[in-house]
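**Student:** Could you have a look at this structure, given as structure tokens, before my questions?
2 protein chains.
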Amino acid sequence: MEHLMEKDMEKRKTAVVFDLDGTLVDSVYQHVLAWHEALLETGIELSIWRIHRRIGMSGGLFTRALLREMGRDLDPARLETAQRLHAAAYNRLASQVRPLPGALELLARLSAIGCPWTVPVITRDMVAHAKPDPDLFLAAINRLGVEATDVLVIGDSVWDMHAARRARMLGIGLLSGGYSTEELERAGAYRVYDDPAMLLQHLDELGIRAD
Amino acid sequence: MEHLMEKDMEKRKTAVVFDLDGTLVDSVYQHVLAWHEALLETGIELSIWRIHRRIGMSGGLFTRALLREMGRDLDPARLETAQRLHAAAYNRLASQVRPLPGALELLARLSAIGCPWTVPVITRDMVAHAKPDPDLFLAAINRLGVEATDVLVIGDSVWDMHAARRARMLGIGLLSGGYSTEELERAGAYRVYDDPAMLLQHLDELGIRAD
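Chains A and B, in that order, give the protein sequences. For the record, in the first sequence the residue sitting at position 60 is 60 according to our numbering, with numbers rising by one throughout. Each position in the second sequence, counted from 1, maps to that position plus 1000 in our numbering.
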């Protein structure tokens, strides 16, 4: 019996799911200003901090939430125009986008010690179930073959933390998206670090260790 | 005696000092990205959220704080180059800068009810004493002829709140600069509102009333 339990515990392995924008890549502020410009050109005037605080939702949910906050209806044609304008505006700013400090080193270290990790990729048919729904994270770990309860979600927005909780994963917050420690903790973050570089220095706090 | 006290209380009048960027005008995120671009071109790579969290300091203190955080020395020539590049980058983004919701209505209301208000203007010789030093706010109220303890400082950054406390004024935080409620409260904010529009609806909470 004791032997069985030990064997069962041996099988458990921590895996990591990463958000991309604001977590591995320093692109949140460019996305925020690109959305602001796109919405202005579509005739929708919104304060920039409100866009910032919604940006992690991504896709349709994001614009729907912003429009609801303004008390306006969602016009699908206008939404598509805004999305096209956002892409164009972001491309103009994208030359200044850099990886966040420690991002590449962190991924390399996880690979080196055999800790499975992945970055969810949003395809067109998944947008309806974007964060704060847990679907993105659950789909991501399907490829890793691990249990949700063994997974850490590294994200920079409260939406990442909300989605992690709904997926029964442990959310780890990074300040690199521009949220505060308190906001991330209130959204359920288990730990909060400045950026990937600081997280890399604290892997032991998260129970991530070599095989 | 009672009569004297009444007379003394009658003379007290609340005055208001406004920060400009992020408080009356929605320009913080453009300034942040403009600084990021300017520093990159100067060979200084800094995460954007760190620039955002320092931006309210303004002027020389801002760049000095950022460089100290990176463990680098301040090279005056390089700093001047960065400031010039920032101005150029900001000008390219400035066409999308708008007043914040309620900003003009709030100033009009204060004028209408006879509440003195001002916006500090930074001249070249004042930069050495920019926020979080209290000098800017103290100079601003000199023109109004009121006591510091009767002044509300409306700002969007923790540096506004710190400078307000040092000037013995009451700091009122707005979320429109992208800080969280908790960050502003921890820095001493007496009250926190979303933006000028929300503050306008709560003037009674601040003891601002018609003559």
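Glycine is no exception: its CB is placed at the ideal position from the N, C-alpha and C atoms.
#1: Return no unless some Cβ of chain A is closer than 8 Å to the Cβ of arginine 1098 of chain B.
#2: Rounded to whole angstroms, what's the CA-CA distance from phenylalanine 1137 of chain B to leucine 1175 of chain B? Just pull it up for me.
#3: How is isoleucine 154 of chain A classed by DSSP in three states: helix, strand or coil?
#4: Within 8 Å (strictly less), CB to CB, does leucine 33 of chain A reach chain B?
#5: If alanine 197 of chain A sits next to glycine 171 of chain A, beta carbons under 8 Å apart, how far is it from one beta carbon to the other, in whole angstroms?
#6: Whole angstroms is fine: what's the gap from leucine 1106 of chain B's alpha carbon to leucine 1206 of chain B's?
#7: Anything in chain B within Cβ reach of glutamate 183 of chain A, meaning under 8 Å, just list it in chain order.
#8: Quick check on arginine 1195 of chain B: does DSSP put it in helix, strand or coil?
#9: For methionine 1 of chain A, which three-state DSSP category applies?
#10: Nearest to glutamate 45 of chain A by alpha carbon, out of A:Asp21, A:Val25 and A:Ala82?
#11: Starting from isoleucine 48 of chain A, trace the alpha helix (DSSP H) both ways and give me its first and last residue.
#12: Taking 8 Å as the CB-CB cut-off, is isoleucine 55 of chain A touching chain B?
#13: Within the 8 Å Cβ cut-off, does glutamine 201 of chain A reach chain B?
#14: So, for valine 32 of chain A: in the same chain, excluding its five sequence neighbours on each side, which residues have a beta-carbon less than 7 Å away from its beta-carbon?
#15: Just checking, does the stretch 64 to 79 of chain A make contact with the stretch 153 to 164 of chain A on the three C-beta pairs under 8 Å criterion?
#16: Rounded to the nearest angstrom, how far is the Cβ of valine 97 of chain A from that of serine 27 of chain A, given a contact under 8 Å?
#17: Are the CB atoms of glutamate 1217 of chain B and alanine 1089 of chain B nearer to each other than 8 Å?
#18: Strictly under 8 Å for the Cβ-Cβ distance: is glutamate 1045 of chain B near chain A by that measure?
#19: If you compare alpha carbons, which of A:Arg92, A:Pro116, A:Gly173 and A:Ile113 is closest to aspartate 19 of chain A?
#20: For glycine 1171 of chain B, list the residues DSSP reports as bridge partners.
#21: Could you name the residues of chain A that proline 1101 of chain B contacts, counting a contact when the two beta carbons are closer than 8 Å?
#22: Give a yes or no on whether the minimum CB-CB distance between leucine 1177 of chain B and chain A is below 8 Å.
#23: Need the endpoints of the alpha helix (DSSP H) that alanine 1112 of chain B sits in, please.
#24: Chain A beta carbons: is any one of them nearer than 8 Å to that of glutamine 1083 of chain B?
#25: Closest to leucine 203 of chain A by CA distance: which of A:Leu110, A:Gly22 and A:Lys131 is it?
#26: Counting only beta-carbon atoms, is alanine 189 of chain A nearer than 8 Å to chain B?
#27: How many angstroms separate the CA atom of proline 132 of chain A from the CA atom of alanine 1077 of chain B?
#28: With DSSP as the reference, please indicate the residues paired to tryptophan 117 of chain A in a beta bridge.
#29: Count the other CB atoms, across all protein chains shown, that sit within 10 Å of the CB of threonine 149 of chain A; report buried if there are 16 or more and exposed otherwise.
#30: So what's aspartate 1021 of chain B in DSSP terms, helix, strand or just coil?
**Tutor:** According to the data block:
#1: Using beta-carbon distances, arginine 1098 of chain B counts as an interface residue toward chain A, with a partner under 8 Å.
#2: 20 Å
#3: strand
#4: yes
#5: With a contact defined as Cβ atoms closer than 8 Å, alanine 197 of chain A and glycine 171 of chain A miss out at about 19 Å.
#6: 13 Å
#7: Ser1180 and Glu1182
#8: The sequence given here has aspartate at residue 1195 of chain B, not arginine. It is coil, neither helix nor strand.
#9: With a pLDDT of 46 at methionine 1 of chain A, under the threshold of 50, the predicted position of this residue should be treated as unreliable, though the coordinate-derived value follows. Coil, per DSSP.
#10: A:Ala82
#11: 48 to 54
#12: no
#13: no
#14: Listed in chain order, the non-local C-beta contacts of valine 32 of chain A below 7 Å within the same chain comprise Ile48, Ile51, His52 and Ile55, local neighbours out to five positions each way being set aside.
#15: no
#16: 5 Å
#17: In this structure chain B extends from 1001 to 1211, so residue 1217 of chain B is not present and cannot be described.
#18: yes
#19: A:Gly173
#20: B:Val1153
#21: Ser47
#22: According to the sequence displayed, residue 1177 of chain B carries glycine and not leucine. Output row for glycine 1177 of chain B: interface = yes.
#23: 1103 to 1112
#24: no
#25: A:Leu110
#26: No - not a single Cβ of chain B is within 8 Å of the one on alanine 189 of chain A.
#27: 47 Å
#28: A:Val16
#29: exposed
#30: strand
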